[in-house]
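Step one of this worksheet: look at the structure below.
As structure tokens, this is what we get:
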């Protein structure tokens, strides 16, 4: 007999995002693959067809958003990190609209470290020498030294230091004429947990978070099944964390109130352990703990209950053993319920015999993963609960990866054969991701990395942070450690704990726009109005979505890839008039951003920082266009009467101050009948600064002295240059020229030249400028094209373009091309490799010039939701041939 009701979480989708790394510098590319499955069987999801992945900074601002088309639950893409991004921890999150029905439980989140490319080799940081003192008046006194010149070597403007401690905020102005370093002292309430500092100097930012309470151990005890019961032997879980939330290996013992030492215990390297203990309600118990750093802590054990039951779970090779003991029941009836991801697998009715009940469950028929074992009384009311992991090897995707040799020479060609098989059914077609990277570099940067197994089988089902999750699925892992995790972290934190609820947000099957026609209730409109939408671009498309009786409309869009297509929409009544009608586009809801600021207080491991610094130095050597430290512009820019709006501030942070600003009053004053369009105006009035290049049906603008000029309208780079010649002067607030800014390629190249490696773009166009255009309404290109009566203008969404990972082919290169050092750490990123019906696939790639051990990581999923993971290594040795 089984309860067929499913938990609410059983209807969700699981989202896993695999990254190529977890530590980057701010000119790097983040490569990722996403897998979306149902939450019960892990079958590739058929619900959602659209996935959103976002890059979010410490200020909870969404810096970039990718819209991905899911094909059989799979997608891949990239983020280009920009040089104006300050160092710190960044949040990557992924969600479908369907998963917004389930709070935060099934929104994927992970954090990455980003290091400043320009500050990597500077030993002194912009904020340093931080001290904290606990004052007698109940406050924390914080002092630090601030070095604005590290961010702004010329001290071109005043700097600002912003403070945020949760319950309050403040700011301190640092005058540019002031001395450096600037020392500040500030008093904070004693209740302050975290202080966030952000220094703005010139067009750069530097952030740092400080944890004010250090050296404390957090100790918690978790009785197996729920309670310590008088006179019954119990297993007591223990978890010890430091102030950063990391597990601590400790030793300790339990003693009673008479000073008797009852039992010794230890925790593992993750801070968890188990203690066998029989409590006596007539006594009280405490635990004394000592860490490796000789930090001592004494704490009380949980309260002992006089009457109760104890649920205990163990296993052997074939069976799960469930034992229930009671100090007040002799032959009462009870139920044992076993659930897996919210679905009932067994509901066993049984009885106590002399206060004890034993049940055995055959493991071979249970799926792989976490099980919820609940003890119910004779009225089916839950009394005890325990989580248990069943590692059923029969539900596993086996991956084999074989290279031809154990070692290769630098720039040698590697051929690798891959095989996938289901333990039960033999060879099976599967979708794989394959990455090849430097072994020492990757392992030193990714000590806490998850993998496909740890995410789907563990992290996606337990709330909270799991330290070093991939460890539990290593072949050398101790199964007792996984049980200790479930006994402690799994206690009351299982996601499948709510009954089924309504799901008001439907799954998104395709991109669409929807909205409302306002004014339709007017009596003179007897029929539903007609709505027409027309897109710009090649080719132009016209849509006529149906409008219902209350004015609502929805338009499902054909698949297209890009950064959004401008469109105009017009609504008319049955007589072809627009009187009293207007169009409102409904915005798409997004989940609230929840950045865990305590993550940013954890100091980055010095080895990680050193490794990334080494990579940055390699990048500077191999990229001749990197800007050396302390390089300054030759021309000083002086702007007067210049209002620094938020939009201008954003561009200034990206590229520095403009070299030339043309305000609206100047544009209109010099506008003639033949210069009503911007490019004509620039041609006749600024021909000595901007060259207007004519091509058939298209015009380009290029700043003289530059090799290429990006056009940015209201902060968005233009990719459809055919529309620029129609920009109306009357719609423009200002035009600004930013000459030869090194950040232009880093910010815009991947949008304007999709799929082309940035190094090639820099070779072709060494000097790049920006023509920044601001419209009166701030609505972007559609506003710049001119407003017409009765027309509504906006952007139609598109799927984000996918960029191919660049790999050299040394068999085809000319001799002079091979002279450039190949210092790549990441040799291969192949996120969508499909094995054939025999479970076979083959990949080929070339090594670079870096010697040593290389790591191959293969992750995979088959159509039945079986998961696989494989690591192998090979060596690269020096090529001594002439």
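Numbering (the working numbering), first residue to last: 399 to 1280. In this text, a Cβ means the ideal position worked out from N, Cα and C, and glycines have one as well. Predicted model only: the values in this text are computed from it and were never measured.
- When the beta-carbon positions are compared, residue 626 and residue 700 come within less than 7 Å of each other.
- Per DSSP, reduced to three states, the secondary structure at residue 1045 is helical.
- In the DSSP assignment, residue 819 falls within the unbroken beta strand (DSSP E) covering 811 to 820.
- With respect to the 7 Å criterion, residue 690 and residue 408 are not classified as neighbours on the basis of their beta carbons.
- Within the DSSP secondary-structure output, residue 850 pairs in no beta bridge.
- Nearest Cα to residue 873 within the set 418, 1269, 457: 1269.
- Here residue 788 carries a strand assignment [DSSP, helix/strand/coil].
- Rounded to whole angstroms, the separation of the alpha carbons of residue 1046 and residue 1136 is 12 Å.
- Judged by DSSP in its simplified three-state form, residue 1159 adopts helix.
- Looking at 1201, 1058, 1102, the one whose alpha-carbon comes closest to that of residue 1152 is 1201.
- Just so you know, the alpha carbons of residue 451 and residue 472 end up roughly 13 Å apart.
- Take the alpha-carbon of residue 1233 and the one of residue 829: they are about 7 Å apart.
- For residue 1218, there is no enclosing alpha helix (DSSP H), as DSSP gives it neither H nor E.
- Closest in C-alpha terms to residue 878, from the list 410, 581, 668, comes 668.
- Of the other Cβ atoms in all chains shown, fewer than 16 fall within 10 Å of the Cβ of residue 1218; this residue is therefore exposed.
- The beta carbon of residue 1049 sits closer than 6 Å to the beta carbons of 1170 from its chain, once the five residues preceding and following it are set aside; these are given in chain order.
- Taken atom to atom, the span from the alpha-carbon of residue 749 to that of residue 727 is near 10 Å.
- In the three-state reduction of the DSSP assignment, residue 409 falls in the helix class.
- Residue environment analysis places residue 598 among the buried positions, since at least 16 neighbouring C-beta atoms fall within 10 angstroms of its C-beta.
- Counting other Cβ atoms within 10 Å of its Cβ, residue 959 stays below 16 and is therefore classed as exposed.
- Residue 530 sits in a strand when the DSSP states are folded into three classes.
- Measuring C-alpha to C-alpha distances from residue 806 to each of 1249, 937, 1254 identifies 1249 as the nearest.
- By the CB criterion at 7 Å, residue 853 and residue 1197 fall outside the cutoff.
- If you look at residue 1141, you'll find it isn't in any beta strand (DSSP E); it sits in the alpha helix (DSSP H) that goes 1141 to 1150.
- Just so you know, the alpha carbons of residue 583 and residue 453 end up roughly 34 Å apart.
- When Cβ pairs closer than 8 Å are counted between the two stretches, the stretch 478 to 495 is seen to touch the stretch 1133 to 1150, the count reaching three or more.
- Note on residue 445: 16 or more other CB atoms within 10 angstroms of its CB, so buried under the neighbour-count rule.
- Taking 3 residues as the minimum length, the beta strand (DSSP E) runs contained wholly in the stretch 694 to 734 are 694 to 698, 707 to 713, 717 to 724, in order along the chain.
- In chain order, 411, 434, 435, 436, 471 place their CB closer than 6 Å to the CB of residue 443, counting only its own chain and leaving out the 5 sequence neighbours on each side.
- Boundaries of the beta strand (DSSP E) harbouring residue 568: 567 to 572, taken from the DSSP string.
- In the structure shown, the three-state DSSP call for residue 1273 is strand.
- Per the C-alpha coordinates, the member of 568, 581, 841, 693 positioned closest to residue 1254 is 841.
- Here the C-alpha atom of residue 858 lies approximately 11 Å from the C-alpha atom of residue 867.
- Three or more Cβ pairs closer than 8 Å define a contact, and the stretch 793 to 810 falls short of that threshold against the stretch 750 to 759.
- A residue is called buried once 16 or more other Cβ atoms fall within 10 Å of its Cβ, and residue 1225 is buried on that count.
- The beta carbon of residue 527 sits closer than 7 Å to the beta carbons of 542, 543 from its chain, once the five residues preceding and following it are set aside; these are given in chain order.
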